[in-house]
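Residue numbers for the sequence shown follow this note's numbering, beginning at 1 and rising by one. One structure is given below, encoded as structure tokens.
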Amino acid sequence: MAAGPPIRVCLIGLGAIGREVAKALLARANLKLVAAVDPAFVGRDVGEVAGLASAGVAVVGDLAAGLREADVAVVMTGSGTADMLPIVEAAADAGVDVVSSCEDLAYARLSTPDLADAIEARAFTGDITVLGTGVNPGFVMDRLPLQLAGACVSVNAVRVERVVDAAKRRGPLRAKVGADLTAEEFRAGVAAHRLGHRGLPESCALVAVGLGFSLEKIRATIDPVITSEAEPRPGITPGRVAGLRQSAVGLRGGREVVRLDLEMSVGAPAPHDQIWIDGDPPLDVRIEGGTHGDRGTVATLLNAVPAVFAASAGLKTVLDLPLYAGR
């Protein structure tokens with residue numbers, strides 16, 4: 001079968017990961033970067049902003065102008081569903097599908113059902129598809145365990161553990177996990193929603209939906225990882241916070257049926273992703289070193305573009321994607 005013309009992509013947001021997305025886009029044969037939107041880089045060539053040679057695409061600040069020639073928008077701005085609504089409205093006006101790294105959009109119906117309804121309604125009127133994805137949420141702690149569960153005759157419960165060494169990640173992530181704060185500062189940051197990983201309850205809900213479980217409740221917790229003289233962490237004062245341990249637990253009939261445990265801390269020992277499925281047959285799958293957060297995010301976003309471009313209108317989740325959406 002002959003390949004069709006490349007899908008025209010507008011990239012919205014040129015932060016650290018957005019620039020990595022731009023590099024990958026410029027190297028893809030099936031995708032063509034035709035526009036980039038970021039008020040911080042207006043007038044500059046997107047290739048040069050990304051640290052490459054000129055790509056012949058000047059960054060614009062006006063969203064409508066950027067969307068004008070695109071088929072799909074890849075959105076790298078905003079973590080909340082409310083941030084996405086005006087972007088979806090503009091994309092619907094232009095008839096442009098949306099793939100976003102917005103964590104809350106991964107399963108917007110969980111915490112913002114009214115906004116999810118508004119986004120879906122706008123997607124239908126504009127005949128566009130909207131999807132939130134990434135490495136987590138979007139892959140490690142939701143889509144991957146569900147794919148593994150496909151080898152089980154029956155499933156009783158799923159547990160996923162992800163351990164990330166924040167020392168090997170970008171500065172913003174180390175700040176997000178509260179590195180080198182006091183325990184009191186950490187708790188204040190959690191209470192103010194400045195600290196913690198967004199999207200973990202959304203992943204928990206997605207796993208339950210994929211398994212056909214009706215959850216009574218999702219219990220979410222965030223606790224600090226405290227260093228000590230006996231267990232030092234590089235660059236962290238003993239007695240201070242090295243990072244966080246966060247959980248989202250889905251309860252059904254008073255029993256844990258989905259449990260997601262995430263540790264992101266400086267110097268975390270033995271980083272890994274591990275998935276246990278209590279089922280017939282049981283499964284225990286471990287990825288040593290874990291899935292790369294930044295590169296995995298770039299991959300999940302761009303691999304979703306062809307599937308979103310081909311999909312029916314509406315607000316989708318990663319459960320709607322084919323096995324490998326990059327084809």
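Note that beta-carbon positions come from the ideal geometry of N, C-alpha and C, so glycine has one too.
Review point. Distance, Cα to Cα, V318 vs F186?
Key: 32 angstroms
Point to revise | Contact set for R68: own chain, Cβ-Cβ below 7 angstroms, skip 5 residues either direction | key: A94
Check your understanding: Can you tell me the Cα-Cα spacing of S154 and G212, whole angstroms?
Key -> 11 angstroms
Exercise for review: Would you please state the rounded distance, in angstroms, between the beta carbons of T300 and V135? I believe it to be under 8 angstroms.
Suggested key: 6 angstroms
Review point. Going by beta carbon distance, what residues of the same chain come within less than 6 angstroms of M1, once the five residues before and after it are set aside?
Key: Residue placement at M1 is flagged as unreliable, the pLDDT there being 40, under the threshold of 50; the coordinate-derived value follows with that caveat. Excluding residues within five positions, none has a Cβ falling inside 6 angstroms.
**Study point:** Boundaries of the beta strand (DSSP E) in which A36 is found, first to last residue
**Key:** L31 to V37
Check your understanding: Thinking just about the alpha-carbon of each residue, which of E229, I222 and E161 is nearest to the one in I259?
Key -> Sequence check: residue 259 is Arg here, not Ile. Out of E229, I222 and E161, E161 has the C-alpha closest to the C-alpha of R259.
Exercise for review: Pick out whichever of V72, P113 and V209 has its Cα sitting closest to the Cα of D362.
Suggested key: Only positions 1 to 327 of the chain appear in this structure, which leaves residue 362 out of reach.
Exercise for review: Kindly indicate which residue of M264, A248 and R198 has the alpha-carbon position closest to the one of D104.
Suggested key: R198
Check your understanding: Short check: CB of G254 to CB of V225, under 8 angstroms?
Key -> no
Review point. What do you get for K217, buried or exposed, if any count of 16 or more other CB atoms within 10 angstroms of its CB means buried?
Key: exposed
Check your understanding: What are the residues that DSSP puts in a beta bridge with E161?
Key -> D261 and Q274
Point to revise | Coil, strand or helix - V241 by DSSP | key: strand
**Study point:** Anticipated Cβ contact below 8 angstroms, A116 with R109, distance rounded
**Key:** 4 angstroms
Exercise for review: Output yes or no for whether 8 angstroms exceeds the beta carbon distance between L206 and A106.
Suggested key: yes
Review point. Under the three-state reduction of DSSP, which class applies to T133: helix, strand or coil?
Key: coil
Exercise for review: Let me know the secondary structure DSSP gives P224 once reduced to three states.
Suggested key: strand
Review point. Does any CB atom of chain B fall closer than 8 angstroms to the CB of I287?
Key: The structure shown contains no chain B; it is built from a single protein chain.
Practice item. Give the DSSP bridge partners of C10, in chain order. Key: A35 and A73
Review point. Which same chain residues, not among the five before or five after A92, have their C-beta less than 6 angstroms away from its C-beta?
Key: R122, G126 and I128
Point to revise | Candidates P234, V190, G196 and P145: closest to A157 by CA position | key: P145
Check your understanding: What does DSSP give as the partner residues of I287 in its beta bridges?
Key -> D273
Review point. If you count every other CB in all the chains shown that lies within 10 Å of the CB of A5, and 16 or more means buried, which is it?
Key: The displayed chain sequence assigns Pro, not Ala, to residue 5. Answer is exposed; the Cβ neighbour count stays below 16.
Point to revise | Exposure of R233, with buried meaning 16 or more beta-carbon neighbours within 10 Å | key: buried
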